[in-house]
Each structure stands twice: as C-alpha cells, then as structure tokens.
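Report on the following structure.
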Amino acid sequence: MPTKLLIANRGEIAVRVARAARERGIEVVAVFTEADRHSLHLRYADEAVALGDDPRAYLDIERIIQAARRSGADAVHPGYGFLSENADFAEACQRARLGFVGPPPSAIRAMGSKERARAAMTAAGVPVVPGGPASTLEEARETARRVGYPILVKATDGGGGKGMRRVDREAELAQVLERTASEALSAFGSRAVYIEKAIDHPRHVEIQVLGDREGRLVHLFERDCSIQRRHQKIIEETPCPPLPPATLEEMCRVALRAAESIGYYSAGTCEFLLDSNGAFYFLEMNTRLQVEHPITELVTGVDLVHEMLRIADGEPISIDVPRRRGAAIEARINAEDPKRGFLPSPGNIEQWLAPSGPGVRVDSGVAAGSEVSPHYDPLLAKLVVWGETRAAAVARLRRALSEFAVVGIDTNLGFLLDLSQDPAFVRGDYATDFVNLHPELGATALPQAALHDLGRALGALSLLDEKSEPRAPNGTSPWVLADRARLRER
Ligand code: MV4
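Residues in the sequence shown are numbered from 223 upward in steps of one, following the numbering used here.
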C-alpha cells in the first residue's frame, strides 16, 4: 500500500491526483519549479519539494527520483504529459523501489514508436490504417502505390500531429518525404518516417481501458475527441454521437485485444480514426491517464485515479461489468485569445468565478490570484458536465459556460460559448475539421471589456455585502441583468 505519493506534475492534474490520494488516506508530496512557487497544486499536498529554477524540471528524471527519495515517498504518479509516457522514467522508479502508478515500462515502450506499435497491433489482429515502410524513396513509392493516394507521411517517433504531411500524387512524394524526415530529425531526433493512407474527414474516437496486475482488463466505453485545433483537443464527449452500437462493441473488443497483447495494466486509451463509412482504424495507444478522463468518470461512476492507485497496489479492478448512464461533455478552458489567433495569454487572474450546480464538475489548477506562467501549457481548468441525454448535457454546458467569469487574462470562454451554440455541434454533426470549417467561432465572443465590467461588479457586490447596503429589487443586480442582455444579444 503506498502511504506517500509523489505527484510528478503540476496544474489541474496534480490537484486531481492529490484529491484521490487524500481520499485514500495517502500522503501527498508535490513538486514545483520556481515559476510554480505559488501555484495552486501545492495547496493540495502535505509537503512540497522544490525542483529548482529550470521550468523544464518536471521532465528531469533524476530530480524527480531524488525528490521522491528526499521526501520518503513510496510511489509516483506521473499525471499526463511530462514523464508520463517515458519508459525510462517508469524503469527508474522501479530501480529506486518506488511504485509507478501507471502501466509496465514494457507496455509504454511497445506503444512508444508508431511503426513498432503498428507491427504489434497487426500481429494481434487489430485493424490499423493501411500503410507501410518508407525508408527509401523506392520503398515509399511502392507503399504509396499499394495503399493508394492521398497518403500521409508520418514521423515514426512523432506525436501530437507533428511530423505529418499529406501527399496527393506521386510527383510530390520525394519532396514531402525529405521534408518530413528532416523535420522529424530536428523535432524527435530520428529521420524515420512511414506511410499511411489518408483517411478523409475522420472522427477521433478513443476507448478507455483499465487493467489490473492479475491480467483482468475492462473497457469503459468511448470518447469522441474530434473537436481539436492544431491537434489540441478543445471539446470531448461521450457517447460519440453517431457511433452505431455494433461498431462501438467491436471497437471496445479491439481495444481490449490491443491492451492484452502488450500485457497492459493501469488506465490506458486506444485511439481510433472512424471514417465516414463507419470503418475504424487503430492509430495509437496512450499509456497514461488522459486529460479528458472525467467524462468517462461521469457516465460510468468509476473514479479512474482511485482505480490506478488500487491497481498500482496489486489490488484488482473494482468494476465487474462496465455500465454507463447519460452523456458527458468536457470543455477545456485555456488562457489564450481566440481573437488574436489563440495567442497565449499569461498573467494574473484577478477574478475567477467557476460555475457549479447540478451536473457540473470543474477540475481546475488556478483560482483568483493565480499567476498563469508562460512556461507551461495554457489549460486553466476543465469544465465537465453530465446530462441524462446529449441535449441535456449540451444545455448544461451552455449554462455553465455562461456562468464562468475570468478577469485579468484572456480565455477561450467566448469561443466555447459560441461553439456550444453552433447548430452542427448541437446536432453532433462534426469531424476533425470542425474548427477549421468554423473560423467565425469566437469572433463575436463576449468582449473582454464586458468581462472586466463583470469583474468590477463582482468586487462591488462583495463590497455591498460588507456594508449591508440594499440590493437591487428581487435580488438581482445591474451587472447580472447587463450580462444576461449581452448573452441574449449574441
Ligand atoms: C491521420 C489522419 C488521417 N489519416 N492518419 C493527427 C494527430 C495524430 N495523432 C494522427 N492524426 C491524424 N492521423 C491518417 N492515416 C488525420 C489525422 C488528424 C487528426 C486526427 C485526430 C484528431 C484530429 C486530427 C486533425 C487533423 C488530422
């Protein structure tokens, strides 16, 4: 039983993991860089260990292991990003006799290279996108002819959409091959590339799996993560609106087969592309807890971080037959300005009023007074809503977004509010090209000036309370009315 857990992460996911650990009576050790000295995740820990000045220290295996040793932690949760999918880190934890709250290093390694993963999945009978090797121009020509154009040249060690280029005809192949390989070298340290047939207008559908160390594996259904911008997910939902039950069943079976074939345990996710004919192809497996895990938690009632902690302890999964109820949607609240090309917007959060109420969960790494650092990813919080039906969840998303008020920095809240009212989104009719096809989203968003008014009004309201001066009739206040009017205008 781990009694003291070091969380090798920051922001909302460090807070999320700390909450689960504390609920289990496990002591929490946070780590922080100088830029994070006043960050919120430290407040949820029993103790905190400094990693030093370098903002990239969350990626430093030796420093993290040292911090664990110094604090007397007996296990490490890596969260997502940073060292979460680094097999060397998982091995270093084992060598230091620290429990790693995640999958075995061998499973991380098996999925670490795309070409290796494709080969392993093909051998396990998992459908992958038609494709093959491209180590020479000759070989690339052969592979491309076999699968048929258009094709994608992908970096073997790439990820997150980097190192991926489309080729429509053979005349372009040589040049694109060379470009992708040299970009791969500078970004990933290897020139290795391979070829896949390009799937048009795919949906991105992923299956959550959970395995214990006795070899039991269950799936926890799908998440549709098609709404992305530059390979950053913005909205995720479950169920996937147009997925037929038979396809879902097959996808879940395939995901379990994929996980089983590499001896997987802990929480993991198999990503698929779903084409417009309903065919699906394995893309990759994420061998970590994902940002969007809460939507799965809301429909299944399973707490994935509790399960990860149990499994790391050698305990069995606590679920028998996976069931789910209703629909859940997550919206990522980022510090960025949609009106200026989603430029990052670091700075001080002066006011922060998060929504709550029935069916609303906010996983946040900030509060009023937080400083948003330019050194880290811009995710401030995840708004996660549940409804008995998709329509109820969409209505709740809109309601909750309209309650959200952030003052001091720019956020994508206006963009998300627009998106939540877009007719195609409301119908569930979208694919991975949705954001590109809707450049108008966010353009009409609530002006920042209005949010500043709202912030001042919030301040004024608390002053009124202190002085017990009379409120506006029927308990409303001018700023609420003004804000409602603004929302109606849109
Ligand atoms: C593809 C694809 C179409 N065909 N592969 C982008 C990130 C990386 N994980 C895989 N990606 C894609 N691979 C084939 N053979 C289209 C994408 C893609 C995409 C995938 C999921 C979500 C959003 C996307 C946006 C653009 C392209």
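For glycine and all other residues, C-beta sits at the position ideal for the given N, C-alpha and C.
Nearest-angstrom Cα distance between Gly-247 and Pro-467?
Approximately 40 Å, taken between the alpha carbons.
Comparing alpha-carbon positions, which option in Thr-225, Ile-429, Pro-560 lies nearest Met-473?
Here the closest residue by C-alpha is Ile-429.
Go through its chain and collect everything with a Cβ distance to Met-343's Cβ below 7 Å, but skip five positions before and after it.
If we look at Met-343 and ignore the five residues flanking it on each side, its Cβ neighbours are Val-350, Ala-480, Phe-504.
Spell out the partners DSSP gives Thr-255 in its beta bridges.
Gly-274.
Using a Cβ-based criterion (distance less than 7 Å to any ligand heavy atom), does Thr-654 qualify as near ligand 1?
Within the cutoff, so yes.
What would DSSP say about Asp-585, mapped onto helix, strand or coil?
In this structure, Asp-585 counts as strand in the three-state DSSP scheme.
Using 8 Å as the threshold, is the region 371–382 in touch with the region 393–411, meaning 3 or more CB pairs across them?
Verdict: yes, contact present.
Tell me whether the region 284–302 and the region 313–323 touch, counting them as touching only if at least three CB pairs, one residue from each stretch, are closer than 8 Å.
Because the criterion of three Cβ pairs below 8 Å is met, the region 284–302 and the region 313–323 touch.
Who are the near neighbours of Leu-262 in its chain, counting only those whose CB is closer than 7 Å to its CB and skipping five residues on each side?
Hits under 7 Å: Val-237, Gly-587, Val-588, Ala-589, Ser-592.
In this structure, how does DSSP classify Phe-564 when only helix, strand and coil are distinguished?
Note: Phe-564 maps to coil in three-state DSSP.
Leu-663: which of Glu-256, Gln-643, Pro-600 sits nearest, CA to CA?
Of the candidates Glu-256, Gln-643, Pro-600, the one whose C-alpha sits nearest the C-alpha of Leu-663 is Gln-643.
Report yes if the CB atom of Ile-571 is closer than 8 Å to the CB atom of Gly-630, and no otherwise.
Yes; because the gap between Cβ atoms is below 8 Å, this pair is in contact.
For the beta strand (DSSP E) holding Gln-450, just list the boundary residues, first then last.
It spans 439–451 - the beta strand (DSSP E) in which Gln-450 sits, taken as one unbroken run.
According to DSSP, Ser-488 sits in a beta bridge with which residue or residues?
Gly-433.
Grab me the residues of Leu-623's own chain with a C-beta within less than 8 Å of its C-beta, minus the 5 sequence neighbours each way, in chain order.
Around Leu-623: Ala-553, Pro-577, Leu-605, Leu-635, Leu-638, Leu-639, Ser-642.
For a quick check, are the C-beta atoms of Leu-531 and His-515 less than 8 Å apart?
Not closer than 8 Å, so no.
Are Leu-602 and Ala-557 touching if we call contact CB-CB under 8 Å?
Taking 8 Å as the Cβ cut-off, Leu-602 and Ala-557 qualify as a contacting pair.
Write down every uninterrupted run of the alpha helix (DSSP H) in the region 302–361 whose length is 4 residues or greater and which is fully enclosed by it, in chain order.
Whole alpha helix (DSSP H) segments, 4+ residues: 309–317, 327–334, 336–345.
Tell me the DSSP secondary structure of Ile-456 in three-state form.
If DSSP states are grouped into helix, strand and coil, Ile-456 belongs with the strands.
Of the choices Leu-264, Ile-541, Ala-314, Gln-454, whose alpha-carbon is the least far from that of Thr-654?
Nearest C-alpha to Thr-654: Gln-454.
Rank Glu-458, Ser-567, Val-628 by C-alpha distance to the C-alpha of Ala-615 and give the top, closest one.
Among Glu-458, Ser-567, Val-628, the Cα nearest to that of Ala-615 is on Glu-458.
How long is the line joining the alpha carbons of Ala-627 and Thr-633, rounded to whole angstroms?
Taking the straight line from one Cα to the other gives about 10 Å.
Three-state secondary structure (DSSP) at Ala-279?
Helix.
Look at the Cβ atom of Lys-384, then the Cβ atom of Val-415, and state whether they are nearer than 8 Å.
Their beta carbons are not under 8 Å apart, which means Lys-384 does not touch Val-415 by this criterion.
So, is Val-543 buried or exposed, given that buried needs 16 or more other C-beta atoms within 10 angstroms?
Looking at its Cβ environment, which holds fewer than 16 other Cβ atoms inside 10 Å, Val-543 is exposed.
Are Glu-256 and Asp-275 closer than 8 Å when you measure CB to CB?
Yes, these two residues count as a Cβ contact at 8 Å.
Cβ-heavy atom distance between Gln-450 and ligand 1 below 7 Å?
Yes - ligand 1 has a heavy atom lying nearer than 7 Å to the Cβ of Gln-450.
Does Ser-567 pass the burial test, meaning 16 or more other C-beta atoms within 10 Å, or should it be called exposed?
Buried is the call here.
Apart from the five residues just before and just after Phe-443, which ones in its own chain have a Cβ nearer than 8 Å to its Cβ?
If we look at Phe-443 and ignore the five residues flanking it on each side, its Cβ neighbours are Ile-429, Gln-430, Thr-460, Pro-461, Leu-470, Cys-474, Thr-518, Val-521, Thr-522, Pro-544, Arg-546.
Taking Asp-296 as part of the alpha helix (DSSP H), name the residues at either end of that continuous run.
No alpha helix (DSSP H) holds Asp-296; DSSP gives it neither H nor E.
Given this structure, state the Cα-to-Cα distance separating Arg-171 from Lys-226, to the nearest angstrom.
Beyond the ends of the chain as shown, which are 223 and 712, falls residue 171; an answer cannot be given.
With the cut-off set at 8 Å, would you say Val-348 and Val-476 are in Cβ contact?
Yes. Within cutoff.
One question on the structure: do Ile-533 and Arg-401 come within less than 8 Å of each other, judged by their Cβ atoms?
Cβ atoms of Ile-533 and Arg-401: not closer than 8 Å.
Just to confirm, does Pro-355 get its C-beta within under 7 Å of one of the non-hydrogen atoms of ligand 1?
False, no ligand heavy atom lies under 7 Å from that Cβ.
Please name the residue in Val-594, Gly-579, Asp-599 whose C-alpha comes closest to that of Leu-619.
Looking at the Cα atoms, Gly-579 is the closest of the given residues.
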